[in-house]
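Below is one structure, written out as structure tokens; comments come after it.
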Amino acid sequence: MTAASTKAAGAKLTSGIATEYIESSVRAQDDFFTHLNGKWLATTEIPADKSSWGTFAKLRDDIQPQLRAIIENAANAKNKVAGSDAQRIGDFYASFMDEAKIEQLGLTPLNAELAKVAALSDKQQIPALIAHFNQVGFGAPLNFGIHQDNKDSTKYVADIQQSGLGLPDRDYYLKLDDAKMADTLAKYELHVAKMLTLAGDANAAADAKAIVALETALAKVQWTKVELRDPVKGYNKVELAKLSGLASGFDWTTWLNETGIAGKTGYVIVGQPTYVQGFNDVLAATPLETWKAYFQWQVIHANAPYLSKAYVDENFAFYGTVLSGVTEMRPRWKRGVSVTEGALGESVGKLYVEQYFPAERKARMEQLVKNLLATYKTSIETLDWMSPTTKKQAQAKLAKFTTKIGYPNKWRDYSKLTVSADDLVGNVLRSNKFDYDKELNKLGKPIDRDEWGMTPQTVNAYYNPEMNEIVFPASILQPPFFDANADDAVNYGAIGGVIGHEISHGFDDQGAQYDGDGNLRDWWTPADHKNFAAKTKMLVDQYNQFSPLPGYHVNGELTLGENIADNSGVAIAYKAYKLSLHGKPAPVIDGLTGDQRFFMGFAQVWRMKMREPQQIVQIKTDPHSPGQFRANGTMRNQPGFYSAFGVKKGDKMYLEPKDRVIMW
Numbered sequence: 001m002t003a004a005s006t007k008a009a010g011a012k013l014t015s016g017i018a019t020e021y022i023e024s025s026v027r028a029q030d031d032f033f034t035h036l037n038g039k040w041l042a043t044t045e046i047p048a049d050k051s052s053w054g055t056f057a058k059l060r061d062d063i064q065p066q067l068r069a070i071i072e073n074a075a076n077a078k079n080k081v082a083g084s085d086a087q088r089i090g091d092f093y094a095s096f097m098d099e100a101k102i103e104q105l106g107l108t109p110l111n112a113e114l115a116k117v118a119a120l121s122d123k124q125q126i127p128a129l130i131a132h133f134n135q136v137g138f139g140a141p142l143n144f145g146i147h148q149d150n151k152d153s154t155k156y157v158a159d160i161q162q163s164g165l166g167l168p169d170r171d172y173y174l175k176l177d178d179a180k181m182a183d184t185l186a187k188y189e190l191h192v193a194k195m196l197t198l199a200g201d202a203n204a205a206a207d208a209k210a211i212v213a214l215e216t217a218l219a220k221v222q223w224t225k226v227e228l229r230d231p232v233k234g235y236n237k238v239e240l241a242k243l244s245g246l247a248s249g250f251d252w253t254t255w256l257n258e259t260g261i262a263g264k265t266g267y268v269i270v271g272q273p274t275y276v277q278g279f280n281d282v283l284a285a286t287p288l289e290t291w292k293a294y295f296q297w298q299v300i301h302a303n304a305p306y307l308s309k310a311y312v313d314e315n316f317a318f319y320g321t322v323l324s325g326v327t328e329m330r331p332r333w334k335r336g337v338s339v340t341e342g343a344l345g346e347s348v349g350k351l352y353v354e355q356y357f358p359a360e361r362k363a364r365m366e367q368l369v370k371n372l373l374a375t376y377k378t379s380i381e382t383l384d385w386m387s388p389t390t391k392k393q394a395q396a397k398l399a400k401f402t403t404k405i406g407y408p409n410k411w412r413d414y415s416k417l418t419v420s421a422d423d424l425v426g427n428v429l430r431s432n433k434f435d436y437d438k439e440l441n442k443l444g445k446p447i448d449r450d451e452w453g454m455t456p457q458t459v460n461a462y463y464n465p466e467m468n469e470i471v472f473p474a475s476i477l478q479p480p481f482f483d484a485n486a487d488d489a490v491n492y493g494a495i496g497g498v499i500g501h502e503i504s505h506g507f508d509d510q511g512a513q514y515d516g517d518g519n520l521r522d523w524w525t526p527a528d529h530k531n532f533a534a535k536t537k538m539l540v541d542q543y544n545q546f547s548p549l550p551g552y553h554v555n556g557e558l559t560l561g562e563n564i565a566d567n568s569g570v571a572i573a574y575k576a577y578k579l580s581l582h583g584k585p586a587p588v589i590d591g592l593t594g595d596q597r598f599f600m601g602f603a604q605v606w607r608m609k610m611r612e613p614q615q616i617v618q619i620k621t622d623p624h625s626p627g628q629f630r631a632n633g634t635m636r637n638q639p640g641f642y643s644a645f646g647v648k649k650g651d652k653m654y655l656e657p658k659d660r661v662i663m664w
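Below, the structure is given as structure tokens:
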């Protein structure tokens, strides 16, 4: 089925391209992103309550009133049945919107949690406190989670990961030769002091200084974002009895008992062993009083959005304005919608799908995915850099891909979650514990292959290597990603590029290390590894050259997986589009050929602007390249783009054929 078939015969299809934003003074051959989006970039202001603005952000914002109506209808429903989805949704939202009650309560909802911290009289009690913090969603130096065992995808496993920083990345603590980083760290210390002062800490300034020093010590022993991308390096199976060998000063027996892991498994996966060892040293070197201040800060920080106005405002002043450049807080109803669907995502999603996701949209998406998978199957056989042996394994993996579209087959049951209309902090803590218990209870159980990692109302998509699945929530299946009234070209470039992108993650530098069953296993020949590494190095070098801000460059290693997926996804989507024409010429619409509309369809999806502080956060932490480089960087490697726009030597978008990375 094609987009064209969705309209009555004879109806005129649109190009799907926002031609009103084309800046003709900038040549497509020199800067494709600005050519396509230039007038939008010149005239669009980032909303005051946003750190960035573009197609993704706008679509997310457009969905907010729909979610608000769903949630408020639940909140206002008469004769709500206690324990029903409507009661939980309505009362959670009502608890957030009751500002008078929240002001009246002040810090008192956290009294019990702060008392746990105040009661610390010995460092030997810290493991039990960390275990509790893991359960209720507070930050701590060690984090705990459940996922499939990377080397036995039929089992769930517990893993331990580095954590505990209040800033987005270790670089904010360590790259003090960068004036912006140093300034942010100084303002962070002031923020911590202000929050502690609000909480009645008479030694707030000194405690804040000690907390930042403690977090800096943790940052020094943490792995970099690039190191964290290596799934083999991050797979360290440790028997429970041998954990003490990593951190002898930490009471693992207590931590295991308090987390609930003990008795459910015989081993854990330690993501960063050297960090755990380093944490052991920091634990020993840091005075108990500093640890108490640090944990007090973690309690306040985690709950600041749910406390009285003074806490909310100070939290926003740092995390919104200093760190992200946002000048205005989101309206309270939007924050209420976010926290409600954060806790009850699938309950809200079920109602969203009933109202806003027609069945035919799912059917069209299923056909597009089928077309892209078929094109991948054919493309694998044409690769000149992959051996027949590895091609066979790649085909076997592709054949085992699972596709999920729109919404889950089985909705999550929230019946055991207690929600009260007058207890916001309690609702948040119970929701966090509810999620924790759900994960913990997976240990020893069969893999739940119906589970989703995103809600239907999430504007995004993902590939999960352990499940070997691609997932497309309902909300992304709207313009500009999928436009039922547009000609096929733009849809293949936009949602086709997204589909191809997610499939490609199964064969990027990380995903390619997993087989079709989701196991971390090397199924490549040495020669294939060498050929693949040569291509990925070229891509790393290309993206390292991109600079969205003076003094800051894209990290080609951190963004490698996403750059591979963009590169490969567009290449496959383009082949699928050409096949969909069945040898017939594409119509010219708005003066644009089919091929031009295809590449524009991909590039306009990445139309966006971002505030400078948020841009720095993205460069330091995000595996995705900034939007303009996702567009231009991808196009420069596509032979079809050169043909479609007549790109020649001397043009700024031009790369010599030998320098173009063609993977699929």
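Each step along the sequence shown adds one to the number in UniProt numbering, with nothing skipped, and position 440 is 440.
For every residue, glycine included, the Cβ atom is placed at its ideal position computed from N, Cα and C.
- Message: Which of the three DSSP states is assigned to residue 442 in this structure?
- Response: coil
- What is the rounded straight-line gap between the Cα of residue 612 and the Cα of residue 50? 12 Å
- Task: Would you tell me roughly how many angstroms separate the C-alpha atoms of residue 608 and residue 41, rounded to the nearest one?
- Result: 8 Å
- Task: Just mark residue 3 as buried or exposed, buried being the case when its beta carbon has 16 or more other beta carbons within 10 Å.
- Result: Legend: pLDDT at residue 3 = 42, less than 50; position of this residue unreliable, value from coordinates given subsequently. Buried, since its Cβ has 16 or more Cβ neighbours within 10 Å.
- Message: I want to know whether the stretch 227 to 241 touches the stretch 103 to 119 - three or more CB-CB distances under 8 Å.
- Response: no
- Can you give me the start and stop residues for the alpha helix (DSSP H) that residue 65 sits inside? 55 to 76
- Query: Ordered along the chain, which non-local residues of its own chain (more than five positions away) have a Cβ less than 7 Å from that of residue 295?
  - Reply: 117, 129
- Query: Whole-angstrom Cβ separation of residue 18 and residue 604, contact assumed at under 8 Å?
  - Reply: 6 Å
- First and last residue of the beta strand (DSSP E) that includes residue 469? 469 to 473
- Beta-carbon contacts of residue 546 that lie in its chain and below 6 Å, excluding the five residues immediately before and after: 554, 629
- If you count every other CB in all the chains shown that lies within 10 Å of the CB of residue 518, and 16 or more means buried, which is it? buried
- Message: So residue 504 and residue 569 are supposed to be a Cβ contact under 8 Å. How far apart are they, rounded?
- Response: 5 Å
- Segment limits, alpha helix (DSSP H) that includes residue 260: Careful: residue 260 lies outside any alpha helix (DSSP H) and carries neither H nor E.
- Count the other CB atoms within 10 Å of the CB of residue 647; is the residue buried (16 or more) or exposed (fewer)? buried
- Item | Counted within 10 angstroms of its Cβ, other Cβ atoms place residue 663 as buried (16 or more) or exposed | buried
- Task: Could you name the residues of the same chain whose beta carbon sits closer than 6 Å to that of residue 74, not counting the 5 residues immediately before and after it, in chain order?
- Result: 86, 89, 90
- Three-state class that DSSP yields for residue 610 in the structure shown: strand
- Segment contact flag, the stretch 396 to 405 with the stretch 322 to 342, C-beta cutoff 8 Å, min 3 pairs: no
- Message: For residue 427, tell me which candidate among 132, 137, 515 has the shortest Cα-Cα distance.
- Response: 137
- Task: Consult DSSP for residue 436 and reduce its assignment to one of helix, strand or coil.
- Result: helix
- Query: DSSP puts residue 237 in a beta bridge; with which residues?
  - Reply: 269
- Task: Would you list, in sequence order, the uninterrupted alpha helix (DSSP H) runs of no fewer than 4 residues that lie entirely inside the stretch 290 to 341?
- Result: 309 to 316
- Alpha carbon to alpha carbon, how far is residue 180 from residue 226? 22 Å
- Query: Pairing CB atoms from the stretch 315 to 322 with CB atoms from the stretch 138 to 156, are three or more of them under 8 Å?
  - Reply: no
- Message: If I follow the unbroken beta strand (DSSP E) through residue 132, where does it start and stop?
- Response: Careful: residue 132 lies outside any beta strand (DSSP E), inside the alpha helix (DSSP H) at 126 to 136.
- Message: With a threshold of 6 Å on Cβ separation, who are the neighbours of residue 654 within its own chain once the five nearest residues in sequence on each side are excluded?
- Response: 647
- Message: Do residue 436 and residue 493 have their beta-carbon atoms positioned less than 9 Å apart in this structure?
- Response: no
- C-beta atoms of residue 92 and residue 431 nearer than 9 Å: yes
- Quick one, are the C-beta atoms of residue 633 and residue 610 less than 9 Å apart? no
- Burial state of residue 288 (16 or more Cβ within 10 Å): exposed
- Message: Just verifying my parser: in three-state terms, what is the DSSP assignment at residue 162?
- Response: strand
- In DSSP terms, what residue 592 is bridged to: 589
- Message: Quick check for students: name the residue ranges of the alpha helix (DSSP H) that lie wholly in the stretch 373 to 400, counting only runs of 4 or more.
- Response: 388 to 399
- Query: Of the residues 625, 521, 433, 246, which one's Cα is nearest the Cα of residue 259?
  - Reply: 433
- Reducing DSSP to helix, strand and coil, say where residue 463 ends up. strand
- Taking Cβ to Cβ, would you say residue 16 is nearer than 9 Å to residue 388? no
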